[in-house]
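Numbering (the working numbering), first residue to last: 797 to 1335.
Reading through the structure tokens given below for one structure.
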């Protein structure tokens, strides 16, 4: 649409030209090629907080106190100051303008954690339709907790874990959901997924997916629990059948001595936990069996296939546990299964080396509708062509719909295919790519400066994904995609970053505002020590 890179010419052209249908937002985002964070204030006077992220609508900046007890919420504002000179851009900013408070206004501070709990500073979910925030506090995990009550051995146990639903407008805590002696993978929202008003919480220790609904009134309501049981009345049905198994003929009970009846009941009552597989595991085995059964029409070949593909691997399927879950829509879940050893090492770099499986589960019919291994080529092709469908976002989220992926951006697709062509093993490449599924909820920044149709940058140094990265002494360059492909701006962590002591290992992280030319960069030598904070903005 735009033939000139001059912003004034673009504004005039926008007045007289109409973009093609369905491209108005994309054309408007091209103005960010001119509106970039071109100025940096290094080592800003800043409160000693752990800054988490901007909310997806850009209204709030979430931070936590250094002792992980309090939530502090800021409202982003724009820098304003007076200048008596004719050319203000040629002069340095006044000292008052170089403070954190010049860019952010503190709205409130709320104490979330009790005396023996800590805030999980790497966990936060935002419901933009009601401006609700979901936070988590927990006690310190116990690594050697006994596996009781059906718990999976090997997992740590958290004595108390609380999910807080908070209204960000005024900091009022609306509701809480408490889990006792359980374990949920909270860092980077790995074990929790939010879709519209539905919240999925994965209990790794008890292999249960808790589905909650967030009401407009601010209540967390239990919808269903998927794991040991799939239907709401499964437990009642099994318990009633267990009683029938314990009393095969009630007319003969009066003939037995009282103590013999009591002893018989004690020994003949079946243990449901030992007698049955979990409901979700039953659904999974049933789907695998029926899929293999339908592959062959000949009876002899069908039996051979079942022996080779099902019964030979039966115990391997039985030993699978739920790793991770995400919503595909309001009715379907994408569930990742794997071994206990694999999920304990899931955060390591070698997680893709462990065997894993993906299942699509229909919550309404309680059926498995698809099942893939993590080396399946057909699943990878779906991932490559329809990646945005795995990034399921809220219907009310505007900015999250424009995150670049290889299914909506030709530059990201070319980069993916380049990596694929360089891979020595096709199977290992597929495993590595599918290792990111299911995606972490709200783990990517919707900032237009990460739009790969607008800018090119080194994704090893910075990307839309929320992660700490090794710090670099060199500036991170953002280069225009369109001709003349010039350097538009640079993000540098300091005027002399890394020159004081090159032996000290440093880490960095970045927070970009969803739509303003504003970013925060942080540099750490230790995560327990205060960080160096820089503010990048358009002056």
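Just so you know, even glycine gets a beta-carbon here, dropped at the ideal spot from N, CA and C.
Based on the DSSP secondary-structure assignment, which residues constitute the bridge partners of residue 928?
923 and 963
Kindly indicate which three-state DSSP category residue 1268 falls into: helix, strand or coil?
coil
Is it the case that the stretch 849-864 contacts the stretch 1277-1290, given that we only count it when at least three CB pairs across the two stretches are under 8 Å?
No, they do not touch.
Count Cβ pairs between the stretch 1120-1135 and the stretch 984-1003 that sit closer than 8 Å; are there 3 or more?
yes
Roughly how many angstroms separate the alpha carbons of residue 1176 and residue 1226, rounded to a whole number?
C-alpha of residue 1176 to C-alpha of residue 1226: approximately 6 Å in a straight line.
Straight-line CA distance for residue 915 to residue 852?
21 Å
On the three-state DSSP scale, how would you describe residue 1061?
Bear in mind that the predicted position of residue 1061 carries a pLDDT of just 37, short of 50, making it too unreliable to give a figure here.
Just verifying my parser: in three-state terms, what is the DSSP assignment at residue 1226?
helix
DSSP on residue 874, reduced to helix/strand/coil?
For residue 874, the secondary structure class from DSSP, reduced to helix, strand or coil, is coil.
Would you mind sorting residue 890 into buried or exposed? The rule is 16 or more other CB atoms within 10 Å of its CB.
exposed
Does chain D have any CB closer than 8 Å to the CB of residue 1249?
Given the protein chain composition of this structure (a single chain), no chain D is represented.
Mind checking who residue 953 pairs with in its DSSP beta bridge?
938
Helix, strand or coil, according to DSSP, for residue 818 in the structure here?
coil
With a CB to CB cut of under 6 Å and the five nearest residues on each side skipped, what residues in its chain are close to residue 967?
904 and 906
Whose C-alpha, out of 1139, 1160, 1161 and 1162, is nearest the C-alpha of residue 1153?
1139
Whole angstroms are fine: how far does the CA of residue 1023 sit from the CA of residue 1004?
4 Å
Can you tell me which of 897, 1020, 912 and 845 puts its alpha carbon nearest to the alpha carbon of residue 764?
A query on residue 764 cannot be resolved here, the shown segment of the chain reaching from 797 to 1335 and no further.
For the alpha helix (DSSP H) containing residue 1134, name the first residue and the last one.
Not the alpha helix (DSSP H): residue 1134 falls in the beta strand (DSSP E), residues 1128-1134.
Quick check on residue 898: does DSSP put it in helix, strand or coil?
helix
According to DSSP, simplified to helix, strand and coil, what is residue 1295?
With a pLDDT of 47 at residue 1295, under the threshold of 50, the modelled position of this residue cannot be trusted; read the value that follows with caution. It is coil, neither helix nor strand.
Where residue 1091 and residue 972 are concerned, what is the direct C-alpha to C-alpha distance, given to the nearest angstrom?
48 Å
According to the neighbour-count rule (16 or more other Cβ atoms, all chains shown, within 10 Å of its Cβ), is residue 1240 buried or exposed?
buried
What are the start and end residues of each continuous alpha helix (DSSP H) run of 4 or more residues lying completely inside the stretch 1152-1183, in chain order?
1173-1181
Considering only residues of the same chain and omitting the five flanking positions on each side of residue 1276, which have a CB-CB separation below 7 Å?
829, 1251, 1282 and 1284
Which residues bound the beta strand (DSSP E) around residue 977?
968-978
Under 7 Å Cβ to Cβ from residue 1088, same chain only, skipping five residues before and after it: list those, please.
1101, 1102, 1105 and 1106
Could you tell me which of 1314, 864, 817 and 984 sits nearest to residue 1236, measuring between CA atoms?
984
Can you give me the Cβ contacts of residue 767 inside the same chain, cut-off strictly under 7 Å, excluding the 5 residues immediately before and after it?
Not covered by the structure: residue 767. The range shown for the chain is 797 to 1335.
Identify every residue that forms a DSSP beta bridge with residue 1330.
1317
Give me, in chain order, the residues of the same chain whose beta-carbon lies closer than 6 Å to that of residue 751; leave out the 5 immediate sequence neighbours on both sides.
Within the shown structure, residues of the chain are numbered from 797 to 1335, placing residue 751 beyond reach of any answer.
Let me make sure I understand the geometry here. Which of 1246, 865 and 888 has the alpha-carbon closest to that of residue 910?
Comparing Cα positions, the closest option is 865.
According to DSSP, is residue 1030 part of a helix, a strand, or is it coil?
In this structure, DSSP gives residue 1030 a helical state, which the three-state scheme calls helix.
Alpha helix (DSSP H) containing residue 1078: first to last residue?
Taken as a continuous stretch (DSSP letters only), the alpha helix (DSSP H) holding residue 1078 covers 1075-1091.
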